[in-house]
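> What follows is a structure written as structure tokens; I'll ask about it next.
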Amino acid sequence: MNTANQGAPTDTRMASVRVSAVLLALVMIFSGAAGARAVSASASALPPPSQGRQLITVTADSYQKTTATLIAYTAEGGRWVKTYGPWTANVGKSGIAPPGQKREGDGRTPSGTYGFDFMFGVKPDPGVRFPYRQAFSYDKWNDDSASPLYNKWVDSRHANPGVAPENMVTLPAYNYGAVIAYNTKDRTPHLGSAIFLHISNGGPTTGCVSLPVDRLLQILRWMDPKHSPQIDISVA
């Protein structure tokens, strides 16, 4: 889903307060405690999650906001260490969907914690560690809820990509990107599709998370599938 641009700089101290609550919640999620978010905690004191050593937090001030604060962390020596950010990221033109409320075409970014499936781009592989698919004119993303290939990358030479599929080569925003694993396993119709981390091109997205190209490439090259990177999208 396509996007737009970077907003005004976000205050580092406020971002730190918001992120610490998100981080403690993630530790509980990854350790099997499907529970509540904490009020406060020190990010540096948190143990790493059992399922991954790389974490990207995307935290907005409200569900209506179209920008959020993005910070990337690496688990080192039993602590979360900030690796990149805080940076301003763009999210959906209609904000962020509360848990379980994301729907196809609503213009909202899904909240929750997700992994990544693969990376892609119109341009050749920029030197990432994830599997990378270069997009060509026949490559589409199926966002047709009535299609058996809903929420999948489709080679239109060999399969029907559904009604009005996403063209993977016409948007500069897709020069580089990563597929966020939202609804990509069960592919439940109407719950939303084509949720990516990709290049910002001037404003809010239609459901993805976006960054300026230089920052995005730093994140994409840093992400290592051996470390099971996760992205947590939430509201403070």
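Read left to right, the sequence shown gives residues 1222 to 1457 (our numbering).
Even for Gly, the Cβ is constructed at its ideal location relative to N, Cα and C.
1. Just to confirm before moving on: does the CB-CB distance between Val1400 and Phe1341 stay below 8 Å?
2. With C-beta atoms as the reference, is Val1456 less than 8 Å away from Ile1317?
3. Taking Lys1303 as the reference, give the member of Thr1278, Gln1322, Lys1286, Asn1311 with the closest Cα.
4. Note down, in chain order, each residue of its chain lying with its Cβ closer than 7 Å to the Cβ of Thr1409, except the 5 sequence neighbours on either side.
5. Does the distance from the C-beta atom of Trp1362 to that of Ala1415 stay below 8 Å?
6. Is Lys1447 buried or exposed, if buried means 16 or more other CB atoms sit within 10 Å of its CB?
7. List the endpoints of the continuous alpha helix (DSSP H) containing Asp1435.
8. Within its chain, find whatever has a CB closer than 7 Å to the CB of Gly1333; leave out the 5 residues flanking it on each side and keep chain order.
9. With respect to the beta strand (DSSP E) encompassing Asn1311, which residues constitute its N-terminal and C-terminal limits?
10. From the DSSP output, in three-state form, read off Thr1231 for me.
11. Assign His1379 to one of three DSSP states: helix, strand, or coil.
12. Reducing DSSP to helix, strand and coil, say where Ala1388 ends up.
13. Near Thr1295, which residues of its chain fall below 7 Å by C-beta distance, leaving aside the five closest residues on each side in sequence?
14. Looking only at its chain, what residues have a beta carbon closer than 6 Å to the beta carbon of Pro1369, apart from the 5 residues adjacent to it on each side?
15. So Ala1310 packs on Ser1431, CB below 8 Å; how close in whole Å?
16. In the structure shown, what three-state DSSP assignment does Ala1457 receive?
17. What does the alpha-carbon distance come out to for the pair Asp1445 and Leu1438?
18. Does Val1375 pass the burial test, meaning 16 or more other C-beta atoms within 10 Å, or should it be called exposed?
19. Look at the alpha carbon of Ala1385 and the alpha carbon of Lys1373, and state the distance between them as a whole number of angstroms.
20. Find out if the Cβ-Cβ distance for the pair Val1312, Tyr1395 is shorter than 8 Å.
21. Cα separation between Asp1364 and Asn1381?
On the basis of the data shown:
1. Reading the sequence shown from its first residue, position 179 is the one you call residue 1400. Reading the sequence shown from its first residue, position 120 is the one you call residue 1341. Note that the C-beta distance between Val1400 and Phe1341 is below 8 Å.
2. Position 235 of the sequence shown holds residue 1456. Position 96 of the sequence shown holds residue 1317. Ile1317 sits close to Val1456, with the two beta carbons spaced by under 8 Å.
3. In the sequence shown, counting from the first residue as 1, residue 1303 sits at position 82. A check of alpha carbon separations from Lys1303 across Thr1278, Gln1322, Lys1286, Asn1311 identifies Thr1278 as the nearest.
4. To locate residue 1409, count along the sequence shown from 1; it is residue 188. Result list for Thr1409: empty, nothing under 7 Å.
5. Reading the sequence shown from its first residue, position 141 is the one you call residue 1362. Reading the sequence shown from its first residue, position 194 is the one you call residue 1415. Their beta carbons are under 8 Å apart, which means Trp1362 touches Ala1415 by this criterion.
6. The residue you call residue 1447 lines up with position 226 of the sequence shown. The residue in question, Lys1447, is exposed, as its Cβ has fewer than 16 Cβ neighbours within 10 Å.
7. To locate residue 1435, count along the sequence shown from 1; it is residue 214. 1434-1443 is the extent of the alpha helix (DSSP H) around Asp1435.
8. For the purposes of this step, residue 1333 is taken as the residue at position 112 of the sequence shown. Once the five neighbours on either side are set aside, the close Cβ partners of Gly1333 are Pro1320, Ile1454.
9. Here residue 1311 refers to the residue found at position 90 when the sequence shown is read from its first residue. That run of the beta strand (DSSP E) goes 1300-1311.
10. Taking the sequence shown and counting its residues from 1, one reaches residue 1231 at position 10. The predicted position of Thr1231 is uncertain, since its pLDDT is 38 and thus under 50; a value taken from the coordinates is nonetheless stated next. The DSSP-derived three-state label of Thr1231 is coil.
11. In the sequence shown, the residue the question calls residue 1379 occupies position 158. Three-state result, His1379: coil.
12. On the sequence shown, position 167 is the one that residue 1388 refers to. Checking the sequence, you will find Asn at residue 1388 rather than Ala. Shown here, Asn1388 sits in a strand according to DSSP, grouped into three states.
13. Here residue 1295 corresponds to residue number 74 of the sequence shown, with the count starting at 1. Excluding residues within five positions, the ones whose Cβ falls inside 7 Å are Arg1274, Gln1275, Val1302, Thr1304.
14. The count along the sequence shown starts at 1 and reaches residue 1369 at position 148. Counting only Cβ-Cβ distances below 6 Å, and skipping sequence neighbours, we find nothing.
15. Counting from 1 along the sequence shown, the entry for residue 1310 is found at position 89. Counting from 1 along the sequence shown, the entry for residue 1431 is found at position 210. That pair is a contact at about 6 Å.
16. The count along the sequence shown starts at 1 and reaches residue 1457 at position 236. Three-state DSSP puts Ala1457 in coil, outside helix and strand.
17. For the purposes of this step, residue 1445 is identified with residue 224 of the sequence shown, where counting begins at 1. For the purposes of this step, residue 1438 is identified with residue 217 of the sequence shown, where counting begins at 1. CA-to-CA, the gap between Asp1445 and Leu1438 works out to about 13 Å.
18. Against the sequence shown, residue 1375 aligns to sequence position 154. Answer is buried; the Cβ neighbour count reaches 16.
19. The residue you call residue 1385 lines up with position 164 of the sequence shown. The residue you call residue 1373 lines up with position 152 of the sequence shown. So the alpha carbons of these two residues sit roughly 13 Å apart.
20. Here the question's residue 1312 lines up with position 91 in the sequence shown. Here the question's residue 1395 lines up with position 174 in the sequence shown. The answer is no: Cβ separation not under 8 Å.
21. As a first step, residue 1364 is located in the sequence shown; it is residue number 143 there, counting from the start. As a first step, residue 1381 is located in the sequence shown; it is residue number 160 there, counting from the start. C-alpha separation (whole angstroms): 12 Å.
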